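Step one of this worksheet: look at the structure below.
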Amino acid sequence: MPETWGEEVTGVILVGGKSRRMGRDKAFLPLSGRPLVEGVLELFRSQFSRVLLVGDREERFADYDLPVLADRFPGSSLGGLYTGLSKADTPYVFVASCDLAYPNLEVLRGLCALRDGFDAVVPRTAHGFEPLFALYAKSCLSPIKEQLERGEFCAYAYYPQLKVRYLTGDELSRLDPAGTAFVNLNTPEEYARIAR
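Its first residue numbered 1, the sequence shown is counted upward by one per residue in full-length UniProt numbering.
As structure tokens, this is what we get:
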């Protein structure tokens with residue numbers, strides 16, 4: 001485990017999604033012989049000494065022998081991030097959704113290595129921000145809570161209030177040359193393409 005961040009960062013996996021578009025539980029879709037969530041979990045366990053699952057689904061994840069935290073603001077990924085960040089014992093969390101097809105070790109390491117002096121370290125691709133494979137400091141709690149209490153659930157609307165380091169362009173492509181780090185699965189059609 002990397003000494004530089006293994007003890008400073010808690011891995012937070014968001015498992016509370018309803019999978020409405022998929023029609024079945026995305027976390028447990030088989031890919032390469034195992035449920036999707038286990039790819040993220042294996043990566044996190046290799047890098048962080050603490051891992052939390054966030055979502056109102058304790059029974060579904062009982063076999064993983066990890067804390068499963070109920071969302072304090074149910075119904076959004078931002079609420080899940082807030083829950084994980086508020087419950088973590090470390091100064092930072094690294095958050096990921098449970099439905100990433102190819103969680104990328106090099107991108108994770110690159111984001112964690114840039115954390116000093118920033119409230120958040122977030123990939124930004126040609127498609128926009130990737131707030132659900134990113135690193136956040138405890139200093140994010142207050143602006144996230146204020147936004148949630150206003151009933152706004154955008155996963156990155158509070159970024160202008162923070163000192164954010166974006167990982168972009170060449171920096172990102174060097175770590176993810178295949179461009180697959182942020183492939184997540186939302187529909188049966190997307191899953192069928194990846195499964196093939």
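Think of the CB as a built atom: it goes at the ideal place given N, C-alpha and C, for glycine as much as any other residue. All values reported here derive from a predicted model rather than from experimental measurement.
Would you list the residues sitting across from residue i in a DSSP beta bridge?
i	result
TYR92	VAL9, ALA137
PRO123	LEU167
Report buried or exposed for residue i, applying the criterion of at least 16 other Cβ atoms within 10 angstroms of its Cβ.
i	result
GLU59	exposed
CYS154	exposed
SER142	exposed
GLU189	exposed
ASP63	exposed
HIS177	Checking the displayed sequence, the identity of residue 177 turns out to be Pro instead of His. With fewer than 16 Cβ atoms within 10 Å of its Cβ, PRO177 is classed as exposed.
SER32	exposed
May I have the straight-line CA-CA distance separating residue i from residue j, to the nearest angstrom?
i	j	result
GLY79	GLY179	28 Å
ASP25	THR10	25 Å
THR83	SER173	31 Å
VAL122	GLU152	20 Å
LEU85	ILE194	31 Å
VAL51	ARG196	31 Å
GLU130	PHE182	7 Å
LEU81	PRO30	25 Å
ASP119	VAL68	25 Å
ARG165	LEU114	8 Å
VAL107	ASP170	12 Å
VAL12	LYS87	10 Å
TRP5	GLU42	17 Å
My assumption, with CB atoms under 8 Å, is that residue i sits in contact with residue j. Please give the rounded CB distance.
i	j	result
ASP89	GLY16	Going by Cβ atoms, the distance from ASP89 to GLY16 rounds to 21 Å, so no, they are not a contact pair.
ASN184	ALA101	7 Å
Unbroken beta strand (DSSP E) runs of length 3 or more, entirely within the stretch 75-120: which are they?
-> 92-97
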